[in-house]
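This report refers to the structure that appears directly beneath it.
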Amino acid sequence: MSAWYPSVAGDFLNAFEYQDYLVFLAGGIFCLGYLIINQVFLRIMGLIGMGLYILYYAIAAETPLWSAIWVSVAMVITNLIGLFSLWLRSSPLSIPRRYRDIYAHFDILPPGDFRKLMRAARRGERPMGYELTQVGNPVDTLTFVINGGADVLKSGQTFSLPDGIFVGEIAYLTGHAASATVVLTGKSDVLEWNIPALRRQAARDVQFRLALDAMISLDLAGKVARGGSPVQV
């Protein structure tokens, strides 16, 4: 009986050609890749596994299995495109040049998400005294004050906001009219988003919505930390 086990194992191993082990190795790499959460490493493991499959298709038969090879090559190219997209999303090179100076305000976002946010924005200068919101009126524009500052007029009181803040974010989230008037205290560089267009894009693009929600949440948290409650405009 003891001699039976080595015999069976030997017969099992001898049943495979050496090129068959390429398939086992490729399959093992794919299985390992599927256990990895990181998309970049998963795709790299997929490329390695697919490369081994291509090698197998090239030597398994007397003539290469061209149909399988070309399909595998197409999958490799598709995977490379996806890998490049992942790299571009995290690369500072993806940030448009005219917005690189303000990325520090949004650096919790990956560069790719920041780029999406900026594509939907208008950047410009607004003069001192420019009204960003007016109490009781609908808010059609979400504004980010890059530099300068703003005064908030609410219930007969006036208080100041620093730069680097959103104005109109509560109206964007709720659809309510402005509960305060916000006026720029000096000539300011601002980013502006049309709120209806912003909502449409957020509904279409989950990644865009998450990026915008992250920035608004951080802005509201900062306002709470500074003044006890967010400025609901």
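Its first residue numbered 453, the sequence shown is counted upward by one per residue in this note's numbering.
Where is the CB? At the ideal position from N, CA and C, for every residue including glycine.
Three-state secondary structure assigned by DSSP to residue i
i	result
A602	strand
V591	coil
I488	coil
L561	coil
S537	helix
I617	strand
L532	helix
T515	coil
D463	Residue placement at D463 cannot be trusted, given a pLDDT of 46 that sits under 50; what the coordinates show is reported in the next sentence. Looking at D463 - three-state DSSP - the assignment turns out to be helix.
Contacting residues, own chain, Cβ-Cβ under 6 Å from residue i (five flanking each side not counted)
i	result
E583	V635
R494	It should be pointed out that residue 494 corresponds to Leu in this sequence rather than to Arg. G485, I488.
S546	L540, P563, G564, R567
V475	Y508
L517	Y509
D657	none
beta-carbon residue i near the ligand ATP non-hydrogen atom, thresh 7 Å
i	result
T515	No copy of the ligand ATP occurs in the structure displayed, which carries no ligand at all.
Sequence-distant residues of the same chain with beta carbon closer than 8 Å to residue i, five excluded per side
i	result
K577	For clarity, residue 577 is Glu in the given sequence; the question names Lys instead. The answer, listed in chain order, is K639, S640, D641, V642.
I668	F618, E621, Y624, L625
G601	S612, L613, P614, D615, L636, T637, G638, S640
H557	F596, I598, G616
Range of the contiguous beta strand (DSSP E) that encloses residue i
i	result
L613	609-613
T633	633-636
E644	640-646
E577	574-578
L545	Premise fails: L545 is in no beta strand (DSSP E) and is neither H nor E.
C-alpha distance - residue i paired with residue j, whole-angstrom precision
i	j	result
A623	A630	7 Å
L561	I617	16 Å
M502	P563	30 Å
W645	T610	25 Å
Q653	A572	9 Å
F660	I481	33 Å
Q490	D553	Gln is not the amino acid found at residue 490; the sequence shown has Asn there. When rounded, the distance between both Cα atoms is 30 Å.
S542	G608	46 Å
P579	T593	16 Å
R550	L569	13 Å
L650	F536	27 Å
M497	S519	23 Å
Residues of its chain near residue i, where Cβ-Cβ distance is below 7 Å and the 5 sequence neighbours each way are ignored
i	result
T633	E583, T585, Q586, V587, L605
N599	D615, S640, D641
P590	A629
Cβ-Cβ separation, residue j to residue i (assumed contact under 8 Å), whole Å
i	j	result
A478	L499	Actually they are not in contact, since the Cβ atoms of A478 and L499 sit about 11 Å apart, beyond 8 Å.
L538	V492	6 Å
I506	I521	6 Å
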